[in-house]
Amino acid sequence: MLWDCPSCKTQGLLGKSQRHCPACGQAQNPGKRYFPEPGHEVEAQGHTFVGADWSCAYCDSPNAAAASFCSNCGASKDGTKTVTAIADPLDVTQQLPPEELKPSRKWWYAIIFATFVLIAGIVGLFASKKEIVTHVTQTQWQRSIEVERFTAVSDSAWCEAMPSSAYAVSHGQEIRSHRQVADGQVCKEKRVDKADGTFVKRKDCSTKYREEPVYDDKCHYMIDRWHVARTLKTGGDASQLPAWPTTETIRRASQSLTGRLGDERLGQRHEDYAVTLSDGSKTWHCNVQEELWTRLKPSTAVAVKVRSIGGAACDSIEIR
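The opening residue of the sequence shown carries number 716 in our numbering; numbering runs sequentially from there.
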């Protein structure tokens, strides 16, 4: 370790062998020791570490751990404290105690509070509503029926999960996942102050990992199954009564789970009823239940609650 004389400004004095300034005799201040620039270290010849220095309680001079009396003023070692080790300025982890290396709780609290306020503000904007009177300008309905066909389709799965009814199977190796594999070490050199005027260099190493793919058998196959082949649709406005599309065109309207290739059956049904509302300056589109839709005709006056942000609350529609 090095130190600079505060009295005569002599710089780069050796922390171990020069306990006093050779130019003016000023005693060394162990708290002002510092690490030399990389590449300018001076080896402490024949040095044996016996412990951290102790600082004289009377003159603050550093003394070797083995000394019983201060080499500067002769005071006894009794009741004195060891000098504090200097942190390496090139090693950030030595600059702060462990609790300060973690994210500050105050910052987390601030972030959580700010997020809560933001969410509360957004929820407030969506939740705040005012009731206005509008008129129905348009009504529409649509009904649809899915038509499923029993046919051969291509599919794939990991071979151990392939269905027993699969055929025309081909398989190969494909990446299923990845794993971390140790791949040597990453080392950096650390300088540690021994607090006796010297320091040592140590290697701090951690395991380096690489990502390696994990392969498994993937099977590609054909399988006969029901799937949605097409959708039958009908639709209109209030001038037409809602009706389901005709199903006469399907080859077979069977609801069985099995069938012959090319057979068809009816699948899921869907129906939607929509109205368009306007107050003369703004327009809103709502999906409603069929029972309400049948009572809403063009020009019908309705009250609806409108959010500050997010549009109309469609479940609040009331006929006036």
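Each residue gets a CB set at the ideal place from its N, CA and C atoms; glycine is no exception.
Reference residue i, options the options, closest by Cα
i, options, result
"arginine 975", "Gln733, Cys1001, Glu963, Ile938", "Ile938"
"glutamine 741", "Trp769, Phe764, Glu752, Cys774", "Cys774"
"phenylalanine 750", "Arg945, Gln900, Asp803", "Asp803"
"isoleucine 1024", "Lys845, Ile801, Cys771", "Lys845"
"threonine 795", "Ser786, Asn787, Cys771", "Cys771"
"serine 1031", "Val848, Asp987, Trp941, Gly766", "Val848"
"leucine 992", "Leu1011, Gln983, Glu1006, Glu979", "Leu1011"
"proline 956", "Thr1015, Glu979, Cys739, Glu986", "Note that residue 956 is leucine in the sequence shown here, rather than proline. It is Glu986."
"glutamate 1006", "Ala876, Ile1034, Gln888, Ala944", "Ile1034"
"cysteine 736", "Thr964, Gly746, Thr725", "Thr725"
"isoleucine 780", "Glu756, Ala759, Lys731", "The sequence given here places alanine at residue 780; isoleucine does not occur at that position. Minimum Cα distance to alanine 780 is reached at Lys731."
"glutamine 900", "Ile890, Arg917, Ala883, Ser921", "Ser921"
"cysteine 768", "His755, Glu752, Cys1001, Ser786", "Before going further, note that residue 768 is aspartate rather than cysteine in the sequence given. Of the candidates His755, Glu752, Cys1001, Ser786, the one whose C-alpha sits nearest the C-alpha of aspartate 768 is Ser786."
"arginine 1022", "Gln1004, Thr1009, Trp999", "Trp999"
Enclosing beta strand (DSSP E) for residue i [first to last residue]
i, result
"leucine 981", "979-993"
"asparagine 1076", "Missing from the structure shown is residue 1076; the chain here goes from 716 to 1035 and no further."
"cysteine 934", "914-951"
"serine 722", "Per DSSP, serine 722 belongs to no beta strand (DSSP E) and is neither H nor E."
"threonine 1020", "Inspection of the sequence shows that residue 1020 is occupied by lysine rather than by threonine. Note, lysine 1020: beta strand (DSSP E), 1016-1022."
"cysteine 1029", "1027-1034"
Boundaries (first-last residue) of the alpha helix (DSSP H) holding residue i
i, result
"leucine 1007", "1005-1008"
Whole-number beta carbon distance between residue j and residue i, since they are thought to touch under 8 Å
i, j, result
"alanine 953", "proline 878", "Not a contact, Cβ separation roughly 48 Å."
"threonine 946", "valine 862", "7 Å"
"alanine 1036", "cysteine 1001", "The question about residue 1036 has no answer, for the chain in this structure spans 716 to 1035."
"proline 960", "arginine 864", "At roughly 17 Å, the Cβ-Cβ gap does not stay under 8 Å, so proline 960 and arginine 864 are not in contact."
Mind listing, in chain order, the continuous beta strand (DSSP E) runs of no fewer than 3 residues lying wholly within the segment 864-899? Complete beta strand (DSSP E) runs here, min 3: none at all.
Within the chosen definition, does the segment 922-939 reach the segment 864-876 through at least 3 CB pairs nearer than 8 Å? The segment 922-939, when compared against the segment 864-876, does touch it at the 8 Å Cβ threshold.
Does the segment 758-766 come within contact of the segment 776-791, defined as at least 3 CB pairs closer than 8 Å? Look at the beta carbons and you see the segment 758-766 touching the segment 776-791: at least three pairs across the two are nearer than 8 Å.
Touching by the beta-carbon criterion (3+ pairs, under 8 Å), the segment 897-917 and the segment 824-835: Contact between the segment 897-917 and the segment 824-835 is absent, because fewer than three Cβ pairs lie under 8 Å.
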